[in-house]
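Trainee: Quick one: the structure is below, questions incoming.
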Amino acid sequence: MLTIYQSLGGRVQAALGRAFPKDTYSSKESGYILDPQLVSASKPEFGDFQINGALQLTKILKKPPRDIANAIVEELIRDETFLEICELPEIAGPGFINITLKPQCLIRELQERINDNRLGVPSIKYALEGQSNPPVIIDFSSPNIAKEMHVGHLRSTIIGDCLARVFEFRGHQVLRLNHVGDWGTQFGMLITHLKQVAPEALSTVNAINLGDLVKFYREAKQLFDEDKNFQRNSREEVVKLQNGDPLSLKAWRLLCNQSREEFQKIYDRLHIHLNERGESFYNPYLKEVIESLNESGLLVIDDGAKCVFLEGILGKDGLPLPVIVQKRDGGFNYATTDLAAIRYRFNNSPKGDGACRLIYVTDAGQANHFAGVFQIAERANWIPKGARVEHVPFGLVQGEDGKKLKTRSGETVRLRDLLDEAINRAEADLRRRLSDEGRIETEEFIAHVSTTVGIAAIKYADLSQNRVSNYQFSFDRMLSLQGNTAPYLLYALVRIAGLARKGGNLNAAVNELLFIEAQEWELIRELLKFDEVIVNLEEELLPNRLCNYLFELSQTFNRFYDQVPILKANEPYRNCRLVLCRLTADTLKQGMTLLGIPTLERM
RNA sequence: GGGGCUGUAGCUCAGCUGGAUAGAGCGACGGUUUCCUAAACCGUAGGUCGUGGGUUCGAGUCCCGCCAGCCCCGCCA
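Going by numbering that gives the first Met the number 0, the letters in the first sequence line up with residues 0 to 602, in that order.
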C-alpha cells in the first residue's frame, strides 16, 4: 500500500493547505509545514488510514480540533482523485479522521500484486545508467580461527544473513563480509604449543581435527597465562608470522584452512553465503591508519602507546577515554584493524570497496568499542558525505534459567550440536505425528522435513525476537506447532499446497476479482502491507518486524481458510479465493526467503 | 565512579516517527470436526506498562531522578 499511502499523503496535505491557506502560507515562510499526520489505522475498525493532525494543529490554527477535522474533510470530499480511492472520511473521537479505501481501489492494488514477482516492493533506482550502485557492506558471523563456532555466533550469522537478503532484494549490491579472527597473539600461542605437542599439524593438511585444535588452543592459552618462557616464545612467534616467515605462514595457512572447512559445513547447513575477509586482510593498511591519524592531529602518545582520545566519552578517572591504536611494543590491536577496515571499505577501488553503507552485526557488548571506532573514523574524515556506518547490536542468547546458555557441564554450546538437537527433536515430533495419524512417509521425506523444520525453528526463533534484548533459547517453544513459530508459518504454506493437490488451480486466470466475505477483505488488506514492511526493514534493520507480519498474515489466512469455503465454493468465488491463496503463498514464501528459511510443500 | 542495554499479563515477548478502550503466543478454563491437513479456528479469565516527577490536548513511547538485572570501561577481540 506504499503507493496508495504516498498519493493519499499528497491529497491530504493539499486538502489541509486549501482548508487553511493563510496558515500554510505563513508556516511555509517560517520553514514550518503543517503536518496532517497521515498514518496507518491503529485498529481495523478505524479503516485503513487515519489523520491525527487536527489535534495537534489546534494551537497553530487556534481552532477546536473537530472544526479543523471538519475543514479538512470538506476539502477532501471535493477532491475527485481522493473520492476515487476512498470512501467518505469519518470524524471520530476528539478529532481523528478515519479513512477507508474503496473496494475497487484494493482490488486494483491486488491485481497489480498478482502480476508482480516483487509483490509490490520497489527496487531501488540505480544512480547512473550502466553503473552499479555502491555496495552496502554487511559484516557478520565472524568466528575465530582455531575455535569452533558456538552459540555466540548464532545471532550474528542469522540476523546478518537476513539483512543481507533484504538489501539484495531491494536491489542493492551487497558485500557479505566474514571478518574472521585470523590474526593476532592467539596464533603465536597456538603455533608455539603445536610445535611442542603436535608438530605434524603445522605441516600436514588435516593432521588433526578441529576438536583437537580447540583443545590445543585451550592448553596454549593456559600456558600463556602461567608460563613466562612460553609467553616469550609466543610473542616471538607472532613477530615471525607478522614478518612473513615462510614456515610460520605455512602453519598459519593450514590452521586457517582447516577451520574454514568446518565453518563452511555450518554455513552450508544454514544456507548462508559469506565472503571471508579476515582481520589479516587489513595488515597492509594498519600503518596507514596510524599515519593518517597522525596527519589529522588525532594521534597522541600516552605512556608509550599511540592513542586517540575520544570526545564525550570519559574513563574511570574522569578524563577522556583513549583508544589504543598501537601498543607500546609496536603491535596493533583490534581497534586498529577495525579502523583500517572502515577506511578500506569506504575508500574507492582499487584500495577499497567504495561502500555507501556499513553495517556491523555484533553483540551489544561491543557498543562502546564501535562508538569509539566510529567517532575516530568520523573525526579522521574517513566517512564520505552521505555514507552511513552502523552498529546493529543484539542481546545474549540465554538458557531457560535466564543465564547465558551453557551445556549441562557448563561449557559453551557448539553450534553444530545445537542444530543437531533441533533437527532430532523435529524428527521425533514428526514420527510421533505420523504414527498418530497412520501416515506412511519415506525416510527421505522424514529427513528432509525434520532438517528444514529444525533449522527453520532455530532461525525463526532468533529473528522473531527484537534483537536488542537478550533472548531466551528454548527448543520446546521454537518447535511448537502453535504460536509465532516457524512450524506455524510453514504449515500455512502446506495448507495452500494442499489445496493445489486437491484440484485447486492456484494460477487460474480470473477476469474479475469478486469478494464478499469479511475474511477475504481482511486477508487482502494484510497482503497489501508487505511492501511497507520490507521498505521499513531496510531502514530499521529489525527482522522481527517481518516475522511479526508473516505471523499475522498466517493467522489471517488460517481464519479465512477455516471460515470460508474455497474448493467447495461456486464460481466465480472459487477461483477468486484461489487467487488469494496463491498470493498468500507467494508472500509467505518471499518473506521466509528473506528470513533465510526454505519452505515445504508437505510436512 | 563513568557509559550502554533491559524492566509491559503467571511464562515468553510485540508495541514503527507520542494518538482513540495497551496487544500476541504459551499456560489455564470453555467451545467447534459427516466438510480443503484440528499442526487449525472461536470464546473467557488475566495489567498501577519497575518507580517518582516533568513536558502537553494526549505518554508504555519524549526529558530528569531513583530502584533492579545484564554488559562494557588503556595496551584481549
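Glycine residues also receive a C-beta, built at the ideal position from the N, C-alpha and C atoms.
Because the structure is a prediction, the values reported are computed rather than measured.
By alpha-carbon positions, which one of E73, A145, L269, K402 ends up nearest to A456?
Mentor: The shortest C-alpha separation from A456 is found at L269.
Trainee: Excluding the 5 residues flanking G453 on each side, which residues of the same chain have their C-beta closer than 6 Å to its C-beta?
Mentor: Excluding sequence neighbours, G453 sits near A421, I422, A425.
Trainee: Just to confirm, are A53 and I71 a CB contact at a threshold of 8 Å?
Mentor: Taking 8 Å as the Cβ cut-off, A53 and I71 qualify as a contacting pair.
Trainee: Please look up how many angstroms separate the CB atoms of F444 and A491, rounded, as I've assumed it's under 8 Å.
Mentor: With a Cβ gap of about 20 Å, F444 and A491 do not count as contacting.
Trainee: So the candidates are R10, T598, F215; which of them puts its Cα closest to the Cα of L36?
Mentor: A small fix is needed here, since residue 36 is Gln in this sequence, not Leu. Of R10, T598, F215, the residue nearest in Cα terms is R10.
Trainee: What are the start and end residues of the beta strand (DSSP E) that includes H390?
Mentor: Per DSSP, H390 belongs to the beta strand (DSSP E) from 387 to 393.
Trainee: If you draw a straight line from the C-alpha of Q397 to the C-alpha of G503, how long is it?
Mentor: Approximately 45 Å, taken between the alpha carbons.
Trainee: Are the beta-carbon atoms belonging to L582 and F168 less than 8 Å from one another?
Mentor: Against a cut-off of 8 Å, the Cβ pair of F168 and L582 comes out as no contact.
Trainee: Give every residue of the same chain whose Cβ lies closer than 8 Å to the Cβ of E386, excluding the five residues on either side of it in the sequence, and list them in chain order.
Mentor: In the sequence on display, residue 386 carries Ala and not Glu. Only F345, A354, C355, R356, L357 meet the Cβ criterion.
Trainee: Within the same chain, show all residues whose beta-carbon is closer than 6 Å to that of A219, passing over the 5 residues directly before and after it, in chain order.
Mentor: Cβ within range, chain order: M188, L189, H192.
Trainee: K305 lies in the beta strand (DSSP E); which residues open and close that run?
Mentor: That run of the beta strand (DSSP E) goes 304 to 313.
Trainee: With a threshold of 8 Å, are at least 3 pairs of Cβ atoms found where one atom belongs to the segment 151 to 168 and the other to the segment 455 to 472?
Mentor: Judged by Cβ distances under 8 Å, the segment 151 to 168 makes contact with the segment 455 to 472, as three or more pairs qualify.
Trainee: Out of curiosity, what's the CA-to-CA distance linking S291 and L480?
Mentor: In a straight line, the C-alpha of S291 is about 56 Å away from that of L480.
Trainee: Count the other C-beta atoms from every protein chain shown that fall within 10 angstroms of the C-beta of S434, then say buried if there are 16 or more, exposed otherwise.
Mentor: It counts as exposed.
Trainee: Just the Cα atoms here: how many angstroms apart are D428 and L414?
Mentor: Between D428 and L414, the C-alpha separation is close to 21 Å.
Trainee: Contact check, G394 vs Y470 under 8 Å by CB: the rounded distance?
Mentor: Correct: roughly 6 Å between the Cβ atoms.
Trainee: To the nearest angstrom, how far is it from the Cα of N380 to the Cα of N51?
Mentor: So the alpha carbons of these two residues sit roughly 42 Å apart.
Trainee: Whole angstroms is fine: what's the gap from F514's alpha carbon to E440's?
Mentor: Using only the alpha carbons, I get a separation of about 38 Å.
Trainee: Identify whether G8 lies in helix, strand or coil by the three-state DSSP scheme.
Mentor: Helix, per DSSP.
Trainee: The alpha helix (DSSP H) that contains I495, what's its start and end?
Mentor: First-last of the alpha helix (DSSP H) with I495: 485 to 500.
Trainee: According to DSSP, what are the bridge partners of Q49?
Mentor: V38, N97.
Trainee: Is the distance from the Cβ of P133 to the Cβ of P93 below 8 Å?
Mentor: For P133 and P93, no; Cβs fall outside 8 Å.
Trainee: Are there 16 or more other CB atoms within 10 angstroms of the CB of I32, so buried, or fewer, so exposed?
Mentor: Burial call: exposed.
Trainee: Taking only runs of the alpha helix (DSSP H) that begin and end inside the segment 212 to 266, which ones reach a length of at least 4 residues, in chain order?
Mentor: Counting whole runs of 4 or more residues, the segment 212 to 266 contains the alpha helix (DSSP H) stretches 227 to 241.
Trainee: Just confirm the distance between the C-beta atoms of R558 and L566, as a whole number of angstroms; I'd bet it's less than 8 Å.
Mentor: Contact flag wrong, Cβ pair sits at about 17 Å.
Trainee: Mind checking whether I144 and V196 have CB atoms under 8 Å apart?
Mentor: Taking 8 Å as the Cβ cut-off, I144 and V196 do not qualify as a contacting pair.
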